[in-house]
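Same order as they appear, the protein sequences are chains A and B.
According to our numbering, the residues represented by the first sequence are 64 to 114, in order.
According to our numbering, the residues represented by the second sequence are 84 to 472, in order.
No residue lacks a Cβ here, since even glycine has one placed at the ideal position from N, Cα and C.
All remarks here apply to the structure that follows.
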Amino acid sequence: MADEKNEKIDYTKYPEGMKALAAALSMPIPPEESAKREAALMGLITSLVRQ
Amino acid sequence: MQTEELRKYRTKLFRDASMMKTKPDRVPHMSFFVTWKILDAGYKLSEAMHDYDIMEKVVRYHLEHYDFDALFEWGGRNAVRIPEAFGGGTYIINDENEVVSYLDKAICDRGEEDELIANPMKFFYEKGMTKKYPCWAEGSVTPAMVQKAYDENNAFIQFAMKMLRMLPEEYGMAKMTAPNGFCYCGIDFMFNTILGIKGLSYLMRRDPGKVDAMVEALDELYFNPGLEALKKAPGPNMDYAFDYDITLLAHTILNQKQFERWLWPDLKKVLDVLAEKGMTVRLFMEGSSKRFWEYFKDYPAGVITMHPEADDVFELRKALPNCAILGGMPVQLLGKGTREQCVERARILCNELGKDGGFILSQDKMVSFRNDAQPENVKAVCDYVLEHT
Numbered sequence: 064m065a066d067e068k069n070e071k072i073d074y075t076k077y078p079e080g081m082k083a084l085a086a087a088l089s090m091p092i093p094p095e096e097s098a099k100r101e102a103a104l105m106g107l108i109t110s111l112v113r114q
Numbered sequence: 084m085q086t087e088e089l090r091k092y093r094t095k096l097f098r099d100a101s102m103m104k105t106k107p108d109r110v111p112h113m114s115f116f117v118t119w120k121i122l123d124a125g126y127k128l129s130e131a132m133h134d135y136d137i138m139e140k141v142v143r144y145h146l147e148h149y150d151f152d153a154l155f156e157w158g159g160r161n162a163v164r165i166p167e168a169f170g171g172g173t174y175i176i177n178d179e180n181e182v183v184s185y186l187d188k189a190i191c192d193r194g195e196e197d198e199l200i201a202n203p204m205k206f207f208y209e210k211g212m213t214k215k216y217p218c219w220a221e222g223s224v225t226p227a228m229v230q231k232a233y234d235e236n237n238a239f240i241q242f243a244m245k246m247l248r249m250l251p252e253e254y255g256m257a258k259m260t261a262p263n264g265f266c267y268c269g270i271d272f273m274f275n276t277i278l279g280i281k282g283l284s285y286l287m288r289r290d291p292g293k294v295d296a297m298v299e300a301l302d303e304l305y306f307n308p309g310l311e312a313l314k315k316a317p318g319p320n321m322d323y324a325f326d327y328d329i330t331l332l333a334h335t336i337l338n339q340k341q342f343e344r345w346l347w348p349d350l351k352k353v354l355d356v357l358a359e360k361g362m363t364v365r366l367f368m369e370g371s372s373k374r375f376w377e378y379f380k381d382y383p384a385g386v387i388t389m390h391p392e393a394d395d396v397f398e399l400r401k402a403l404p405n406c407a408i409l410g411g412m413p414v415q416l417l418g419k420g421t422r423e424q425c426v427e428r429a430r431i432l433c434n435e436l437g438k439d440g441g442f443i444l445s446q447d448k449m450v451s452f453r454n455d456a457q458p459e460n461v462k463a464v465c466d467y468v469l470e471h472t
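Laid out in structure tokens, this is it:
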């Protein structure tokens, strides 16, 4: 997991925080497929918002 | 009957009843039991809802003690572990009183509607998460915290897959709904999550144009892609009890005019596609749906299976002879009545509504609380259906 030490990133901002978060998470999607990683993260976010 | 043979037999019972072309071999019987299952199996709500191994035991207990043909709820109704992993959530579990409460917790305050209309995803990410999760509001969120919720979400998906395999493969249960996606109507999303009951009621009166714009923005994100996916479906999938499932809540606060403006246009689009393709849908409308029945009267027989919660099923059959009916067994009776009264109600339902087919017996409400049903009453009704219909 990268970027955890980078205190300058505000992960709560869209889209920059979302993109950084998607890049930092451990997922079964390769890092180069950033659009898919971001879609997976947004799926989680909308699920969290709904629950 | 072997398990797979039993599954196919049960699936055909549902298909015959819902498609209304052939009278089923007997009346199919669907379990609409939710958290009641946990208490009936001897567990606390919090134990089962936080432990998938216990929840699996709960579901197995239900299947092994009552002879249903399909199970609507497989243990995943309240996925509390995912939001809790992130320090939030909308459910309150009270083991002492054996209840789960759902908070009417809106994510869009008055004056924020235009932000949601402009960019719903940005709104969910920045405002929605802030309203629901303290770490987001404080700005203290880290990738490790999100990773925990992501991993919990994956654990839930694994559990769901396991349970949805177990039901047909080990117990011969009919599989409920074919994987044809989900059309989330914008107004229902606003009612459930975005504005809540209070906020939506207020906005519909004060600024209906804003409601139009919000429905449009949300539909673009969820409803329209779901509808496009449904349009690509090849047609009826006879391996499942139903092709589609719709649960509606927002209509409970809508009058006729509001229904026509904000819910019916979306609902009609889905029903029209299903009718064109000859596909079936279980339509569960919470509370009373009676004032909207006229909208369904022109659909061909065998498309809509109505699952009424608070309306009289005999009246429904007269008003909508083109719709199959699922339900009819009052939770009130299962909880407070005698075995004889429950069996008599089942007998009347099966003989009258099921005499020419088009009827699936089930409970009228999601069975949630301990006093919603006495185990011996549930067993007596299950046995009656198997032996006498």
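Arg-113 of chain A belongs to the set of residues whose beta carbon lies under 8 angstroms from a beta carbon in chain B. In terms of beta-carbon proximity, Ile-190 of chain B lines the interface with chain A, with at least one pair separated by less than 8 angstroms. When C-beta distances to chain A are compared with 7 angstroms, the residues of the segment 145-171 of chain B below that value are Ala-162, Ile-165, Pro-166, Phe-169, in chain order.
Contact of Ala-87 of chain A with chain B by beta-carbon distance below 7 angstroms involves Pro-226. Not flagged as an interface residue toward chain A: Tyr-135 of chain B, since no C-beta distance is shorter than 8 angstroms. Beta-bridge partners assigned by DSSP to Asp-328 of chain B: B:Arg-365. Within chain B, the residues placing a beta-carbon under 8 angstroms from that of Ser-110 of chain A are Ile-165, Asn-236, ordered along the chain.
Closest in alpha carbon position to Glu-359 of chain B, among B:Gly-385, B:Gly-158, B:Leu-122, is B:Gly-385. The DSSP-derived three-state label of Gln-446 of chain B is strand. Cβ contact annotation for Leu-96 of chain B (same chain, cutoff 7 angstroms, sequence separation greater than five): Pro-107, Asp-108, Arg-109, Pro-111, Asp-152, in chain order. Under the three-state reduction of DSSP output, Asn-236 of chain B falls in the helix class.
Contacts between Glu-209 of chain B and chain A, judged by CB atoms closer than 8 angstroms, involve Thr-75, Lys-76, Tyr-77 in chain order. In the three-state reduction of the DSSP assignment, Gly-440 of chain B falls in the strand class, which pools E and B. The three-state reading of DSSP puts Leu-357 of chain B in helix, counting H, G and I together.
Residue burial annotation: Thr-472 of chain B is buried, with at least 16 other C-beta atoms found within 10 angstroms of its C-beta. Remark: three or more beta-carbon pairs, one from each stretch, lie closer than 8 angstroms, so the segment 267-281 of chain B and the segment 184-201 of chain B are flagged as touching. Of the residues B:Ile-121, B:Ala-316, B:Thr-86, the one whose Cα lies closest to the Cα of Pro-458 of chain B is B:Ile-121. For Gly-222 of chain B, the nearest beta carbon of chain A is closer than 8 angstroms to its own beta carbon. Judged by beta-carbon spacing, Phe-442 of chain B lies within the 8 angstroms limit of Ala-407 of chain B, meaning their Cβ atoms are closer than that value. Under the three-pair Cβ rule at 8 angstroms, the segment 304-320 of chain B counts as touching the segment 348-358 of chain B.
Distance from the CA of Cys-433 of chain B to the CA of Asp-99 of chain B, rounded to the nearest whole angstrom, comes to 15 angstroms.
Sequence-distant partners of Phe-155 of chain B (beyond 5 residues in either direction) whose C-beta falls short of 7 angstroms from its own C-beta, in its chain, are Met-113, Ser-114, Phe-115, Met-259.
When C-alpha distances from Ser-101 of chain B are compared across B:Tyr-305, B:Leu-436, B:Val-461, B:Gln-446, the shortest belongs to B:Leu-436. Rounded to whole angstroms, the gap between the alpha carbons of Cys-218 of chain B and Ser-89 of chain A is 20 angstroms. Leu-337 of chain B is positioned such that its CB atom lies no closer than 8 angstroms to that of Asp-271 of chain B.
Of the candidates B:Val-224, B:Leu-310, B:Ser-184, the residue whose Cα lies closest to the Cα of Asn-263 of chain B is B:Leu-310.
Residues Cys-218 of the same chain have their beta carbon placed closer than 7 angstroms to that of Val-224 of chain B, with the five preceding and five following residues left out of the count.
In this model, Met-368 of chain B and His-390 of chain B are separated by some 7 angstroms (Cα to Cα). Linking Asn-237 of chain B to Ala-227 of chain B through their CA atoms gives a straight-line distance of about 15 angstroms.
With fewer than 16 other Cβ atoms inside 10 Å of its own Cβ, Leu-469 of chain B counts as exposed. Per DSSP, the unbroken beta strand (DSSP E) holding Gly-411 of chain B starts and ends at 407-412. Spatial neighbours of Leu-416 of chain B in its own chain (CB-CB distance under 8 angstroms, excluding positions within 5 residues in sequence) are listed in chain order as Gln-424, Cys-425, Arg-428, Asn-460. A distance below 7 angstroms between beta-carbons, with the five flanking residues on each side excluded, links Arg-374 of chain B to the following residues of its chain, in chain order: Gln-339. Counting C-beta atoms within 10 angstroms of its own C-beta, Asp-302 of chain B has 16 or more neighbours from the protein chains shown and is therefore classed as buried. Tyr-135 of chain B: not part of any beta strand (DSSP E); member of the alpha helix (DSSP H) spanning 135-148, first to last residue.
Taking the beta carbon of Lys-205 of chain B as reference, the chain A residues within 8 angstroms of it are Tyr-77, Pro-78, listed in sequence order.
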